[in-house]
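At position 354 of the sequence shown the residue is numbered 436 (my numbering), and the sequence of numbers has no breaks.
Idealized CB from N, CA, C, for every residue including glycine.
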Amino acid sequence: MTTREFNTRILKVKPESVVFQPGNDIPIISDKDTEDNLLLAAKELSRTSNPIGFPTETVYGLGASALNDESVRNIYKAKNRPADNPLIVHVASVNQLYRKVLGNERIPDIYQPLIEKFWPGPLTILLPVGSNTPISPLVTANQDTFAVRLPNHAIARALLALSDEPLAAPSANASTRPSPTLASHVEHDLQGKIPYIVDGGSCDVGLESTVVDGLSEPPVLLRPGGISLEEIKKYGGEPWRNTIVAKKVAGKEEPVKTPGMKYRHYSPSATVVLFSHCGDGKNAINQYLERNHVDQNTKIALLRSRFFTEAKNINPLIIVDKCLGTRGLEISHNLFAYLREVDELGVDMILVEGIEDTNEGLAIMNRLSKAAIVQVDGSNYL
Ligand code: TXA
Ligand code: MG
83 MTTREFNTRI LKVKPESVVF QPGNDIPIIS DKDTEDNLLL AAKELSRTSN PIGFPTETVY
143 GLGASALNDE SVRNIYKAKN RPADNPLIVH VASVNQLYRK VLGNERIPDI YQPLIEKFWP
203 GPLTILLPVG SNTPISPLVT ANQDTFAVRL PNHAIARALL ALSDEPLAAP SANASTRPSP
263 TLASHVEHDL QGKIPYIVDG GSCDVGLEST VVDGLSEPPV LLRPGGISLE EIKKYGGEPW
323 RNTIVAKKVA GKEEPVKTPG MKYRHYSPSA TVVLFSHCGD GKNAINQYLE RNHVDQNTKI
383 ALLRSRFFTE AKNINPLIIV DKCLGTRGLE ISHNLFAYLR EVDELGVDMI LVEGIEDTNE
443 GLAIMNRLSK AAIVQVDGSN YL
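Spelled out as structure tokens, the structure:
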């Protein structure tokens, strides 16, 4: 039985009405409703332990104070997230990070070029947990590091500054579901479980932040995301040129550096099949459907990208045909939203055209290979 603890309210805000002056965390807000709604949400964050949904430039987050055990416990509960998968701490500014979290600890030098280039933005860094840290141990799942980022979204930054709380915020989806890029996605997954969803429209990036560990030697890309590996190597300075990519899926016995890697993820209800190197898709898809005895009652959706031909040229069982886009940024932006959209049409199977895993493709293929139950690689048939 599902319990409805809250009558979830959607708080509409206009991101373009929120402006930050250089050097000042507190924004100037020109739209009255936006100001009222942000103050209401910020008050909820600073005075209660209830998590709320809010937009960032990557995906919607489910935020609550990172400094309070009860608040963090409520995040895990609302999402139904396993307690050993740690959360990212979000801050309004480097100043707030020092003032509220780090105290006398310093950010290690290795991160300086990346922070200068990519903050605010979709880059998450690992920092050592100091001995006097005020961060709840539930945020870090008792690891000796914590993850932190400074989001590049006016609404996220305003909430962080107005509440003056560093917020622990995982993506605001129910655990195992695709991350939300619209307020309606959050509502679908978490309605009744949280008091407010701040609706600031669609998220630009569409995939989560890149998580890097500069405390290891060589540095490790733990999760590909909104900033590409190529950009990290280019702008990070000497040590980052040797960055290694963490293994995608951790085996049972392996120590898991990014614990999020061992769980089922990003999954719609329909079966996702991922095709790579399959030309225009026609032969590969028809062979797959035949070999798996997919019958006439099966409803199939196709998400194409660069090379697949339209569904009508492939197979009549495909009743939904959408193009994710051809450029990496476009595909990232659309991926989770389209997976949810076609899933809600009630299809049984979603066939997705993969892309090369360079630049934005690394993060896109990382998410798709976790969402997919089966992967068909055309280069195996050559
Ligand atoms: O773009 C994003 O990062 C979004 C928005 C809301 O900011 N947040 C997000 O959070 O994607 P979440 O919880 O869905 O993913 C956090 C990832 C997980 O893979 C987790 O294992 C990893 O960051 N992580 C967090 N703390 C860590 C730590 N101390 N060491 C290693 N990995 C960590
Ligand atoms: Mg997530």
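Under the three-state reduction of DSSP, E299 is assigned to coil, being neither helix nor strand.
In this chain, A352 is not harboured by any beta strand (DSSP E), its DSSP state being neither H nor E. With respect to the C-alpha of L272, the residue from E320, L297, N365, K159 having the closest C-alpha is K159. Below 8 angstroms, enough C-beta pairs join the segment 252-268 and the segment 412-425 to call them touching: three or more. If you ignore the 5 residues before and after S414, its C-beta comes within less than 7 angstroms of the C-beta of V287, G288, L289, E442, A445, I446, all in its own chain and listed in chain order.
Comparing alpha carbon positions, the residue from S351, T380, G135, N379 closest to L249 is G135. The three-state secondary structure of Y278, taken from DSSP, is strand.
Note that the C-beta distance between G282 and P137 is below 8 angstroms. Taking one beta carbon from each stretch, the segment 391-401 and the segment 362-374 have 3 or more pairs nearer than 8 angstroms; the two touch. Residues of the same chain with a CB within less than 8 angstroms of the CB of N177, apart from the 5 flanking positions on each side, are D107 in chain order. In this structure, V293 has its beta carbon less than 7 angstroms from a heavy atom of the ligand TXA. For the pair V294 and I157, the CB atoms are not nearer than the 8 angstroms cut-off. For Q194, no beta strand (DSSP E) run applies; the uninterrupted alpha helix (DSSP H) run containing it begins and ends at 194-200, by DSSP. Taking all protein chains shown into account, G428 has fewer than 16 neighbouring C-beta atoms within 10 Å of its C-beta and is therefore exposed. Annotation note: the segment 129-208 contains the following uninterrupted beta strand (DSSP E) runs of length 3 or greater, listed N- to C-terminal: 134-136, 143-147, 170-172.
Taking C-alpha positions only, E438 is separated from S358 by approximately 8 angstroms. Taking 7 angstroms as the cut-off, the C-beta of E290 counts as close to a heavy atom of the ligand MG. With the rule of 3 Cβ pairs closer than 8 angstroms, the segment 198-213 counts as touching the segment 226-234. By the Cβ-count criterion, R86 is exposed, with fewer than 16 other Cβ atoms from all chains shown falling within 10 Å of its own Cβ. Looking from the CA of E126, the closest CA among S147, V101, Y142, E139 belongs to S147. For F418, the enclosing alpha helix (DSSP H) has its first and last residue at 410-426. C285 is not a Cβ neighbour of V171, given a cutoff of 8 angstroms. Each residue's CA atom was taken as its position, placing D113 and T353 some 44 angstroms apart. Taking non-hydrogen atoms of the ligand MG into account, the C-beta of P252 is found less than 7 angstroms away from one of them. DSSP, reduced to helix, strand and coil, places I437 outside both helices and strands of the structure shown, so it counts as coil.
Here the alpha carbon of F390 sits roughly 7 angstroms from the alpha carbon of E435.
For T222, the uninterrupted alpha helix (DSSP H) segment begins and ends at 219-222. In the DSSP assignment, Q378 falls outside any beta strand (DSSP E) and carries neither an H nor an E. Look at S351: its beta carbon is at least 7 angstroms from all of the heavy atoms in the ligand MG.
DSSP places I110 within a strand segment (E or B) once states are collapsed to three.
Counting along the chain, the unbroken beta strand (DSSP E) around A229 starts and ends at 227-231. In terms of Cβ geometry, I314 and V280 do not form a close pair [threshold 8 angstroms].
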